[in-house]
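Trainee: Here it is: the structure, laid out below.
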Amino acid sequence: MGKVILTGDRPTGKLHLGHYVGSLRRRVELQNAGDYDKMFVFMADVQALTDNAENPEKLRQSIVNVALDWLSAGLDPEKSILFIQSYIPELAELTTYLMNLVSVSRVQRNPTVKTEIKMRNFEANIPLGFFCYPVSQAADITLFKSTTVPVGEDQEPMLELTRELVRRFNNVYGEVLVEPNIMLPENQTARRLPGTDGKEKMSKSLGNCIFLSDDKDTVWQKVRSMYTDPAHVNLNDPGHVEGNAVFTYLDAFSTDEDFKNFWPEYQNLDELKDHYRRGGLGDMKCKKFLNEVLNQFLEPMRQRRHEFEQDIPEIYNILKKGTEKARETAAQTMSEVRSAMRINYFDDQALIESQVELFRNK
Ligand code: TRP
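Going by my numbering, the sequence shown opens with residue 4, and the numbers climb by one from there.
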């Protein structure tokens, strides 16, 4: 069995640093390492609709933005299959069959879904489609026989459910689906990047994001006003690096190389942290360094984005071609699923013959 990598993004707006460090950066590395049979990256618009049913226009407007984020970050349609979830009807089919193999209470236990229900005030009125999205996500993953799913920590419960469903399906119907593995970012702080305001998560609804498409000035504005250590008032006060967003970002993004290039007074982040803790190091200097670190990878992305923006119809074309390719795999798996489930009535000659026999001997 070969290695199949798959991930998706909900197209509800432009991608930000949290997406980049939690998943996108890894995808590009995996893609370029070439150690896989197939790599799929898709717009999870069906999933996005489960809590945006009344606002499809938001998704419609986001498709090109997210595709530009992907392409400018380095996803390459020659190497990765980029596609749109809602154009793969086989996903809906497989979801329907998987739903029979899991209980309502099992889905209710999912901590990510629980948090989302609270955040969206769905408590009294959970849309059924939203409730079922973890099962639909299991279909996303299994339809393509994915072995490797590079995502952030919050997706762990989805992967767990998927693995359970695979075991259950294969047990009941025969070995067709493949158990996937989650691939978390190696860098601990990258698993859940806080917002620029220091809040637990970078999130569009909280307005605390740095977007991959932000220009230089915007990035600096946002970095300059970032949350640091409220107790670090005077330069000589000792500072805290824990819970200090600037240092969390440096943990996630900076390398020793960056110190050599932009701040040779320190060899590495540990030395910088020590100085900050001792006191005598101002926030603004740290922010300037962070700004350099961020711009170093954002600037080449801006340039590539600018090039891709010159031919928008080609962006749709890339997604359309990728979707056609993805459907080939989807159709193949669904035909295996139907025959394992014994619902492949039309292309099972043995079934037809046995029925002929049955009625002949009546
Ligand atoms: N739930 C993911 C998110 O919110 C998006 C997603 C949908 C996904 N289907 C997937 C991720 C399959 C990985 C694999 O970001």
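By construction, the Cβ of each residue, glycine as well, lies at the ideal position given by its N, Cα and C atoms.
On the premise that residue 173 lies in contact with residue 180, defined as a C-beta separation below 8 Å, what is that separation, rounded to the nearest angstrom?
Mentor: 6 Å
Trainee: If you follow the beta strand (DSSP E) that residue 18 is part of, which residue opens it and which one closes it?
Mentor: First-last for residue 18: undefined, no H or E at that position.
Trainee: Does DSSP put residue 41 in a helix, a strand or coil?
Mentor: strand
Trainee: Hey, is residue 154 close to ligand 1, as in C-beta under 7 Å from one of its heavy atoms?
Mentor: yes
Trainee: In this structure, how does DSSP classify residue 10 when only helix, strand and coil are distinguished?
Mentor: strand
Trainee: With a threshold of 7 Å (Cβ to nearest heavy atom), would residue 9 be considered close to ligand 1?
Mentor: yes
Trainee: Is the region 13–23 touching the region 145–154, taking contact as three or more C-beta pairs under 8 Å?
Mentor: no
Trainee: Locate the alpha helix (DSSP H) running through residue 118, then write down its first and last residues.
Mentor: 114–122
Trainee: Just how far apart, CA to CA, sit residue 302 and residue 219?
Mentor: 8 Å
Trainee: Residue 304 lies in the alpha helix (DSSP H); which residues open and close that run?
Mentor: 286–312
Trainee: What does DSSP give as the partner residue(s) for residue 185 in the beta ladder?
Mentor: In DSSP, residue 185 forms a bridge with 152.
Trainee: For residue 348, is the classification buried or exposed, using 16 other Cβ atoms within 10 angstroms of its Cβ as the cut-off for buried?
Mentor: Exposed, by the Cβ-count rule.
Trainee: My output table needs one value for residue 344: the three-state DSSP class, helix, strand or coil.
Mentor: coil
Trainee: Nearest by alpha-carbon distance to residue 75: which of 343, 319 and 306 is it?
Mentor: 306
Trainee: Please list, in chain order, all residues of the same chain as residue 290 whose beta carbon is under 7 Å from its beta carbon, the five residues on each side excluded.
Mentor: 226, 227, 229 and 249
Trainee: Could you give the distance in angstroms between the alpha-carbon of residue 273 and the alpha-carbon of residue 282?
Mentor: Each residue's alpha carbon lies about 14 Å from the other.
Trainee: Are residue 242 and residue 254 close, meaning C-beta to C-beta below 8 Å?
Mentor: no
Trainee: For residue 146, which residues from the same chain have a beta carbon less than 7 Å from its beta carbon, with the 5 sequence-adjacent residues on both sides left out?
Mentor: 93, 94, 97, 333 and 336
Trainee: Alpha carbon to alpha carbon, what distance is there between residue 188 and residue 240?
Mentor: Within the model, the alpha-carbon separation for residue 240 versus residue 188 is close to 34 Å.
Trainee: Tell me where the alpha helix (DSSP H) around residue 86 begins and ends.
Mentor: First-last for residue 86: 84–87, but that is the beta strand (DSSP E), not the alpha helix (DSSP H).
Trainee: Using the three-state DSSP reduction, which class does residue 256 fall into: helix, strand or coil?
Mentor: helix
Trainee: Using only the heavy atoms of ligand 2, determine whether one of them is closer than 7 Å to the beta carbon of residue 195.
Mentor: Absence of ligand 2 is noted for the structure shown, with ligand 1 being the only ligands found.
Trainee: Less than 7 Å separating the Cβ of residue 123 from some heavy atom of ligand 1?
Mentor: no
Trainee: At the level of alpha carbons, what is the spacing between residue 119 and residue 138?
Mentor: 16 Å
Trainee: Does at least one heavy atom of ligand 1 sit under 7 Å from the Cβ of residue 84?
Mentor: Residue 84 has its Cβ no nearer than 7 Å to any heavy atom of ligand 1.
Trainee: Taking the alpha carbon of residue 238 as the reference point, which residue from 132, 195, 259 and 288 has its own alpha carbon closest?
Mentor: 288
Trainee: Measuring only the C-alpha atoms, how far is residue 215 from residue 72?
Mentor: Going from the Cα of residue 215 to the Cα of residue 72 covers about 7 Å.
Trainee: Here's the rule I'm using: 16 or more other beta-carbon atoms within 10 Å means buried, otherwise exposed. How should residue 263 be labelled?
Mentor: Counting other Cβ atoms within 10 Å of its Cβ, residue 263 stays below 16 and is therefore classed as exposed.
Trainee: Only counting runs of 4 or more residues, tell me where the alpha helix (DSSP H) segments fall wholly within the region 168–245, in order along the chain.
Mentor: You should have 219–227.
Trainee: Would you check if there are 3 or more beta carbon pairs closer than 8 Å linking the region 31–49 to the region 75–90?
Mentor: As far as the Cβ criterion goes, the region 31–49 touches the region 75–90, which means the pair count is three or higher.
Trainee: Residue 198 to residue 246, Cα distance in whole Å?
Mentor: 11 Å
Trainee: Cβ atoms of residue 276 and residue 244: under 8 Å apart, would you say?
Mentor: yes
Trainee: Keeping to the same chain, check which residues put their C-beta closer than 7 Å to that of residue 87; ignore five residues upstream and five downstream.
Mentor: 45, 46, 48, 322 and 326
Trainee: Any contact between the region 156–168 and the region 100–116? By contact I mean 3 or more CB pairs, one from each, below 8 Å.
Mentor: Yes, the region 156–168 touches the region 100–116.
Trainee: Grab me the residues of residue 205's own chain with a C-beta within less than 8 Å of its C-beta, minus the 5 sequence neighbours each way, in chain order.
Mentor: 19, 20, 21, 196, 197, 198, 199, 211, 212 and 213
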